[in-house]
Amino acid sequence: DIQMTQSPPSQSASVGDRVTITCRASQSVDTHLNWYQQKPGKPPKIVISSASNLQSGVPSRFRGSGFGTDFTLTISGLQAEDFATYYCQQGYSMPYTFGPGSKVDV
Amino acid sequence: QVQLQQWGAALVKPWETLSLRCSFSGGSVSDDCWTWIRQTPGKGLEWIGQVRHSGISDYNPSLRGRATISTSRNEFSLKVTSVTAADTAVYYCARSLTKLTWFDPWGQGTLVTVSS
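So the sequences go chain by chain: X and U. Residue 144 is where the first sequence starts when you use my numbering, and the numbers rise one by one after that. Residue 2 is where the second sequence starts when you use my numbering, and the numbers rise one by one after that.
This is the structure:
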């Protein structure tokens with residue numbers, strides 16, 4: 144299985160901040176890397192697919208980058224609705240696997 | 002726009018079978034993969050498996066052959082046999098596509114507790 148790690152596990156931020164979350168895969172996943180946002184009591188919501196493709200309806204302050212084993216999710220100008228936990232997920236090979244999550248809180 | 006609605010037993014006794022269903026509406030294409038994912042505080046998000054539009058299923062070996070995912074009309078189901086407390090989780094249904102391996106949309110989630 145491809146193991147996914149994320150850092151930091153949590154971070155405190157304020158509205159307007161720039162936030163960066165990194166995700167690392169135990170082997171190359173090419174660009175088959177997706178990012179999800181999850182709020183308490185809700186299912187995850189896709190924000191970035193294929194490493195850098197912004198999903199429809201997701202604000203442009205979200206940006207994904209990376210290739211191979213190292214990926215980054217950046218939120219520029221954090222808004223109140225962005226406080227959540229973010230997960231990366233590799234879609235390169237089954238079993239598909241998720242990172243442990245990175246919580247962005249106040 | 003595909004929408005998913007899931008349901009099933011919230012409490013299952015140890016060594017019995019967990020059973021969940023998920024209905025989909027809003028369209029279906031030949032590349033659909035109907036998926037089950039579970040989430041626990043300890044293990045995080047875990048992909049359980051999927052059934053493709055063709056009816057072929059794929060599973061996570063971590064379930065050690067205990068999971069079965071099948072589809073019928075506009076529904077797909079999950080059965081997990083011989084459950085233990087370790088199977089206690091929030092279970093989600095979701096959709097992906099054969100070559101677009103991300104999950105969207107998701108069902109609302111069902112907390113399944115394994116307890117006598």
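Glycine included, C-beta positions come from ideal geometry on N, C-alpha and C.
Run the CB neighbour count on residue i, radius 10 Å, all protein chains shown included, and call it buried at 16 or more, exposed below.
i, result
"X:A168", "buried"
"X:Q149", "buried"
"U:N75", "exposed"
"X:F210", "exposed"
"U:R96", "buried"
"U:T79", "According to the sequence provided, residue 79 of chain U is Leu. The question's Thr does not apply to it. The residue in question, U:L79, is buried, as its Cβ has 16 or more Cβ neighbours within 10 Å."
"U:L12", "exposed"
"U:A90", "buried"
"X:Q146", "exposed"
"X:S192", "buried"
"U:W8", "exposed"
"X:G234", "buried"
"X:S245", "buried"
"U:A68", "buried"
"X:G207", "buried"
"U:I57", "exposed"
"U:T85", "exposed"
"U:L112", "exposed"
Kindly indicate if chain U contains any beta-carbon less than 8 angstroms away from that of residue i.
i, result
"X:F241", "yes"
"X:Y230", "yes"
"X:I121", "Coverage of chain X is limited to positions 144 through 249, which leaves residue 121 of chain X absent and any answer about it impossible."
"X:G234", "yes"
"X:S192", "yes"
"X:I189", "yes"
"X:P273", "Here chain X has residues from 144 to 249 only, and residue 273 of chain X is not among them."
I'd like to confirm the pairing. Which residues does DSSP put opposite residue i in its beta bridges?
i, result
"X:I218", "X:V162 and X:F205"
"U:L118", "Here chain U has residues from 2 to 117 only, and residue 118 of chain U is not among them."
"X:T174", "None; X:T174 has no bridge partner."
"U:G9", "U:L21"
"U:W35", "U:V52 and U:R96"
"X:D213", "X:R167 and X:F210"
"U:Y60", "U:G50"
"X:D248", "X:S155"
For a contact meaning CB atoms closer than 9 angstroms, what does residue i contact in chain U?
i, result
"X:I145", "Residues of chain U passing the Cβ test: none, with the nearest at roughly 11 angstroms."
"X:P152", "Ordered by position in chain U, no residue passes the 9 angstroms Cβ test against X:P152, which lies about 11 angstroms from the chain."
At a CB-CB cut-off below 7 angstroms, which residues of chain U make contact with residue i?
i, result
"X:G244", "G45"
"X:P183", "Neighbours of X:P183 on chain U: none; closest Cβ ~11 angstroms, over 7 angstroms."
Would you say residue i faces chain X, with C-beta separation under 8 angstroms as the test?
i, result
"U:F25", "no"
"U:G108", "yes"
"U:P42", "no"
"U:F104", "yes"
"U:N61", "yes"
"U:W48", "yes"
Below 7 angstroms on C-beta distance, what does residue i contact in chain X?
i, result
"U:Y93", "P186"
Legend entry - Cβ pair count under 8 angstroms reaching 3, the stretch 186-203 of chain X against the stretch 14-25 of chain U: no
Inset, instruction - Could you tell me whether the stretch 208-222 of chain X touches the stretch 14-21 of chain U, where touching means 3 or more Cβ pairs closer than 8 angstroms? - result: no
Inset, instruction - Take every Cβ of the stretch 59-77 of chain U, pair it with every Cβ of the stretch 107-117 of chain U, and state whether three or more of those distances are shorter than 8 angstroms. - result: no
Inset, instruction - Could you tell me whether the stretch 198-210 of chain X touches the stretch 237-245 of chain X, using the rule of 3 or more Cβ pairs below 8 angstroms? - result: no
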